[in-house]
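Residue numbers (my numbering): 141 to 654.
Before any comments, here is the structure.
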């Protein structure tokens, strides 16, 4: 029945040609779907684009599907502009669950009555989303304003049921249409399932929030709220309540006289600082998670909330991306192709000159635009798109990076359309890379690794001795094997001589017998 509901809703909104996806064994249902497409179509779905119809269908399917659509809206490598635009308009407006039930969950998780820790607890939620909802309160101990995030009760079975249906539907699409395999729908669902299940663990979010706050403590670019770690559980998180202007409230920002140019540039610098300096970046920077502290409008800073989805890169990925961007700034496409092969992101047998030519054909036209029009995110997307044509191994961590860069760049251009990302990003990347290869940085790495050497050195003579003994044993074994091989060769030669003599004698006896 759950599959039939999916068929019905998608047909109602003409989201897909379902008849082609249904198995032939379900012919009666196929006929019903045709009827549904003809007679059940919602009035608001008529005369709508395919993207708008898909958005309506996802809203009808429920909050887990809405979040799936929001995630898809960042995958410019998979979907058309029509679908991307429509899915980006999906709003996670979910009816709240009962405030008394939220209070009960909080009390059970913290093992105390709510009035022993909080005052002014508001039963009406401040915000409600598909995974959790937010309630406001004050800490009884200090009077500080806080928000309490509570995971929806019994949400995990619903997530597992819906993602199971997503897997099934993705498989049907891929089997029905070979061209759909390029969309890697099963992989997309898998990434989504992993991400949304991680969001259920608020201890994980609390730890990420704590780390990000530490990285930007006393920063004039970004403020992260304080988390009361001792009051956090898997399904409950207590955090400082912030006050700021929503990032998409442009009229309020303009009315306050906020320095938009500085704000846009700080957004770019904040992103690159998180990626390259800290190796930890907020990967869910949609407008609902970003506010502006306009206490000093001339010197504004961002406020970031909801650190449930974070990205991390290895040192190798960081160096690759920095060198990749710098090579692009210098239009050195051979270097870019070389980096992809050296990193192992494309097979080592790839023709480097063909890859260089493909990179040049896609990226050179970008330089015909003015610097203010060049999309930094589009550069990264184009480079990855070309590499995929050469069997690039999918890098899951880069999907988050791509998505976040699109968010940040779109945000910066909306705040300040003349934003020149090149003048902001290139000096940052060049300075970071030079610092990474500087003698001082190398010396810091040596000092940082001294504790490991300290624990290794006392045992080093024994390890060397064991290594020498092992080497001697291997050499002895190789010597014995060589001697055995020589003996076998001697035996084989002797056997060959005996066989030859026997053959000659046999031939001689045969001759004289005549």
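The C-beta atom is built at its ideal place from N, Cα and C for all residues, glycine as well.
Computed from a predicted model, the values in this text were never measured in an experiment.
{"query": "In DSSP terms, what residue 554 is bridged to", "result": "Paired residues: none, contrary to the question."}
{"query": "Straight-line gap, residue 351 to residue 459 (C-alpha atoms, nearest Å)", "result": "22 Å"}
{"query": "Residue 361 vs residue 548 beta-carbon contact at 8 Å", "result": "no"}
{"query": "Residue closest to residue 470, alpha-carbon to alpha-carbon, out of 552, 545, 562 and 482", "result": "562"}
{"query": "Cα-Cα separation, residue 442 to residue 247", "result": "33 Å"}
{"query": "Buried or exposed (CB count within 10 angstroms, at least 16 for buried), residue 213", "result": "buried"}
{"query": "First and last residue of the uninterrupted alpha helix (DSSP H) at residue 573", "result": "561-576"}
{"query": "Residue 356 burial status per 10 Å Cβ neighbour count (16 or more: buried)", "result": "buried"}
{"query": "Beta carbon proximity, residue 520 to chain B, threshold 8 Å", "result": "Among the chains of the structure shown, chain B does not appear; only one protein chain is present."}
{"query": "Which listed residue (523, 326, 428 and 487) has its alpha carbon closest to that of residue 506", "result": "523"}
{"query": "Residue 633, buried or exposed, once every other Cβ within 10 Å from all chains shown has been counted against 16", "result": "exposed"}
{"query": "Span separating the alpha-carbon of residue 463 from that of residue 444", "result": "29 Å"}
{"query": "Meets three-Cβ-pair contact criterion under 8 Å: the stretch 397-411 and the stretch 322-342", "result": "no"}
{"query": "Inter-residue CB distance, residue 544 and residue 404 (contact presumed, cutoff 8 Å)", "result": "Contact flag wrong, Cβ pair sits at about 16 Å."}
{"query": "Beta-carbon proximity check, residue 379 vs residue 289, cutoff 8 Å", "result": "yes"}
{"query": "Proximal residues to residue 178 (C-beta, below 7 Å), its chain only, five neighbours per side dropped", "result": "Bear in mind that a pLDDT of 41 at residue 178, under 50, signals an unreliable position, so the number given afterwards is only what the model happens to contain. Excluding positions up to five away in sequence, the list is empty."}
{"query": "Beta-carbon proximity list for residue 165, same chain, < 6 Å, skipping 5 on both sides", "result": "Because the pLDDT at residue 165 is just 45, under 50, the model does not fix this residue reliably, and the value given afterwards should be weighed accordingly. Nothing meets the Cβ criterion."}
{"query": "Secondary structure of residue 363, DSSP reduced to three states", "result": "strand"}
{"query": "Euclidean distance between Cα positions of residue 387 and residue 475", "result": "38 Å"}
{"query": "Exposure of residue 337, with buried meaning 16 or more beta-carbon neighbours within 10 Å", "result": "exposed"}
{"query": "Limits of the alpha helix (DSSP H) - the one that residue 229 falls within", "result": "Here residue 229 belongs to no alpha helix (DSSP H), and DSSP marks it neither H nor E."}
{"query": "Of the listed residues 567, 554 and 222, nearest to residue 391 (C-alpha basis)", "result": "554"}
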